[in-house]
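Residue numbers (the working numbering), protein chains in the order written: chain A, 1 to 514; chain B, 515 to 578.
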């Protein structure tokens, strides 16, 4: 199986090996969507999520996700779940690998979309937006399976307001050399204070937390630890899951679970771009000193509930600062790092946007309502409350909050706000549409997506770091993809174009030993 | 940290992110105020009908 990996470094597709060094910039997101079927007494979110996934794009891309990279054959069994009632245990089987290199599946009781591996944060924001379109279309198709009077509604949010939360995770590839302790000491303060521009806004509080009218993030009520492995209980600010889906001797993947799902394209870009820059600076030893909060867990909620953005956060050195002041400091470090590094141009856009947003937040948070979900939502709520004389505890306020996140363009209030010209976009509909069907071109997601599109019928299993083909021979053929930058269009585009059959492709890759 | 000089860290402003915005860009403040009522009316037309019922029935399982 090593042969296939080596052969992709054949002279015609190779680029210089320095490209491998920049692997640590690769990133992607996973989003769990809220799902509900109205007027269904027996509503089962697992069944509904399964129906949604299976309604997308017919059977062409139905390829099993392989959970065991070492023994793909064992997992490469058929998948006739449509005749059975999927239970939560079986939901691992409801998995689709898409032609854009993404993964669409049922996780717990939610439909989930993982972007393909992206080369930079604008691309990651684009593929996350493409996921919303995919989910919305799948829900529309699944609607046809429902009884008259029933409606499937999908929300890109993170909580039901009743103490149940589901995640929106970011993934950043880092070098293995970066000690985990460094991540904890440097990145915790960043994550706590970035909430001022990563929140999607929420009416009220939950999970036993003190009452508040409105807070910046959906998730702050759910964080109880500084560091830990959990994602469903006692959620930690820094999650220790260490599953790089790549060569683990070279890489680690930081799994960030504290973010909100954002509808705003600009905000998604800022969240991913600023975080990626800080992590790259940390990975390259360019962050001078950690901003160490005296009580980071308490600070998560302090920041989320402080709409004035003026509350001081105590530092362990006895000083204190506001979340905005901390972010100015991180921006300063990121700018210095970027100026001294050879980063893709897109990071210049990140720095400019970051600065504009901090400037506006400092003047008046509502000035960012054209870019950030929490202020966009707050301005709708303020205007509605003023017009109709509503109090914060009015169910209509909660409804406005929920419906902001509905992914159906006709119903979702985010979509209505964008259509009214009050909110900026980063992408055209055409760019999003392209990302719905086509993979990013600068990572191994290109190889995965193109193989699904061109040779989907011969693909029996896929996961982040391998593809398994059945070309009608005795054994299945596995193509490992342990280097996230190999499998890019530069490296394998021509080869994929020239191969008429999966057997041609495997021969060209030299992967005939499975 | 609070006394750091903010001016030093401002990146160049010649190219704002808005220049990359592909479709509608946001409109100016005054116009927004005039148009907020139109937006609220549009939201009225798509908002779920029974707010209390809807909010009560919106229950998700935890995830992640």
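C-beta: ideal position from N, C-alpha, C; glycine also.
According to DSSP, is residue i part of a helix, a strand, or is it coil?
i: residue 142 of chain A; result: helix
i: residue 194 of chain A; result: coil
i: residue 90 of chain A; result: Here residue 90 of chain A scores only 39 on pLDDT, less than 50, and its place in the model is too uncertain to base an answer on.
i: residue 478 of chain A; result: strand
i: residue 423 of chain A; result: coil
i: residue 112 of chain A; result: strand
i: residue 223 of chain A; result: strand
i: residue 175 of chain A; result: strand
i: residue 292 of chain A; result: coil
i: residue 403 of chain A; result: helix
i: residue 376 of chain A; result: helix
i: residue 186 of chain A; result: helix
i: residue 154 of chain A; result: strand
i: residue 414 of chain A; result: helix
i: residue 581 of chain B; result: The first residue shown for chain B is 515 and the last is 578, placing residue 581 of chain B beyond what the model contains.
i: residue 236 of chain A; result: strand
i: residue 202 of chain A; result: strand
i: residue 462 of chain A; result: strand
i: residue 371 of chain A; result: coil
Tell me where the alpha helix (DSSP H) around residue i begins and ends.
i: residue 570 of chain B; result: 565 to 571
i: residue 430 of chain A; result: 429 to 437
i: residue 55 of chain A; result: 45 to 55
i: residue 339 of chain A; result: 323 to 339
i: residue 490 of chain A; result: 489 to 498
i: residue 351 of chain A; result: 346 to 363
i: residue 445 of chain A; result: 445 to 455
i: residue 506 of chain A; result: 502 to 509
Let me make sure I understand the geometry here. Which of the options has the alpha-carbon closest to that of residue i?
i: residue 56 of chain A; options: A/39, A/145, A/127; result: A/145
i: residue 503 of chain A; options: A/171, A/472, A/203; result: A/472
i: residue 423 of chain A; options: A/378, A/372, A/385, A/430; result: A/372
i: residue 311 of chain A; options: A/196, A/332, A/357, A/335; result: A/196
i: residue 123 of chain A; options: A/100, A/402, A/186; result: A/100
i: residue 64 of chain A; options: A/257, A/103, A/490; result: A/103
i: residue 505 of chain A; options: A/448, A/474, A/463, A/485; result: A/448
i: residue 261 of chain A; options: A/324, A/380, A/128; result: A/128
i: residue 479 of chain A; options: A/490, A/453, A/305, A/510; result: A/510
i: residue 255 of chain A; options: A/329, A/313, A/174, A/200; result: A/174
i: residue 181 of chain A; options: A/143, A/235, A/226; result: A/226
i: residue 108 of chain A; options: A/354, A/49, A/53, A/343; result: A/49
i: residue 380 of chain A; options: A/203, A/198, A/119; result: A/203
i: residue 308 of chain A; options: A/425, A/451, A/160, A/361; result: A/361
i: residue 304 of chain A; options: A/125, A/176, A/258; result: A/258
i: residue 327 of chain A; options: A/314, A/316, A/359; result: A/359
i: residue 450 of chain A; options: A/417, A/111, A/493; result: A/493
i: residue 426 of chain A; options: A/126, A/402, A/98; result: A/126
i: residue 497 of chain A; options: A/453, A/325, A/467; result: A/453
Tell me which residue opens and which closes the beta strand (DSSP E) that residue i is part of.
i: residue 269 of chain A; result: No beta strand (DSSP E) contains residue 269 of chain A, which is instead part of the alpha helix (DSSP H) from 265 to 283.
i: residue 27 of chain A; result: 27 to 32
i: residue 232 of chain A; result: Unbroken run through residue 232 of chain A: none, as it is neither H nor E.
i: residue 469 of chain A; result: 466 to 469
i: residue 483 of chain A; result: Run containing residue 483 of chain A: none; DSSP gives neither H nor E here.
i: residue 390 of chain A; result: Element bounds for residue 390 of chain A: n/a, residue is neither H nor E.
i: residue 260 of chain A; result: Residue 260 of chain A -> no beta strand (DSSP E), and no H or E assigned at all.
i: residue 314 of chain A; result: 312 to 314
i: residue 103 of chain A; result: 103 to 107
Please find out if some non-hydrogen atom of the ligand SAH comes closer than 6 Å to the beta-carbon of residue i.
i: residue 161 of chain A; result: For the structure depicted, the ligand SAH is absent and the ligand set is empty, with no information on it obtainable.
(Q) I want to know whether the region 203 to 223 of chain A touches the region 432 to 441 of chain A - three or more CB-CB distances under 8 Å. (A) no
Output, in sequence order along the chain, the residues in the region 175 to 206 of chain A whose CB is closer than 8 Å to any CB in chain B. none
**OP:** Spell out a yes or no on whether the region 407 to 424 of chain A and the region 457 to 474 of chain A are touching, meaning 3 or more CB-CB pairs, one atom from each, closer than 8 Å.
**Re:** no
(message) Does the structure place the region 193 to 208 of chain A close enough to the region 162 to 174 of chain A that three or more beta carbon pairs sit under 8 Å?
(response) yes
Note to self: I want to know whether the region 130 to 139 of chain A touches the region 36 to 46 of chain A - three or more CB-CB distances under 8 Å.
What the structure shows: no
- Task: Taking only beta carbons into account, state which residues of the region 91 to 113 of chain A come closer than 7 Å to chain B, listed in chain order.
- Result: 107, 108, 109, 110
When you check each C-beta in the region 33 to 55 of chain A against every C-beta of chain B, which residues fall closer than 8 Å?
34, 35, 36, 38, 45
Practice problem: Please determine if the region 425 to 435 of chain A and the region 150 to 160 of chain A are in contact, where contact requires at least 3 C-beta pairs separated by less than 8 Å. | Solution: no
Residues in the region 151 to 177 of chain A with C-beta within 8 Å of chain B's C-beta atoms, listed in sequence order? 159, 160, 161, 162, 164, 165, 166, 167, 169
State whether the region 367 to 387 of chain A contacts the region 313 to 327 of chain A, with contact taken as three or more CB pairs (one from each stretch) at a distance under 8 Å. no
Practice task
Taking a Cβ distance cut-off of 7 Å, strictly less, list which residues of the region 224 to 238 of chain A are near chain B, in chain order.
Solution key: 231, 232
| field | Stretch-stretch touch, CB-based, cutoff 8 Å, three pairs: the region 557 to 568 of chain B with the region 391 to 409 of chain A | value | yes
If contact is defined by three or more beta carbon pairs under 8 Å, each pair taking one atom from either stretch, is the region 186 to 195 of chain A in contact with the region 287 to 298 of chain A? yes
Does the contact criterion of 3 or more C-beta pairs under 8 Å hold for the region 337 to 349 of chain A versus the region 277 to 287 of chain A? yes
Taking any Cβ of chain B, which residues in the region 416 to 429 of chain A have a Cβ under 9 Å from it, in chain order? 416, 417, 418, 419, 420, 421, 422, 423, 424, 425, 426, 427, 428, 429
inquiry  = Taking contact to mean 3 or more Cβ pairs, one atom from each stretch, closer than 8 Å, check whether the region 343 to 354 of chain A and the region 238 to 249 of chain A are in contact.
reply    = no
* Asked: If contact means a Cβ-Cβ distance below 8 Å, which residues of the region 250 to 283 of chain A contact chain B?
  -> 257, 266
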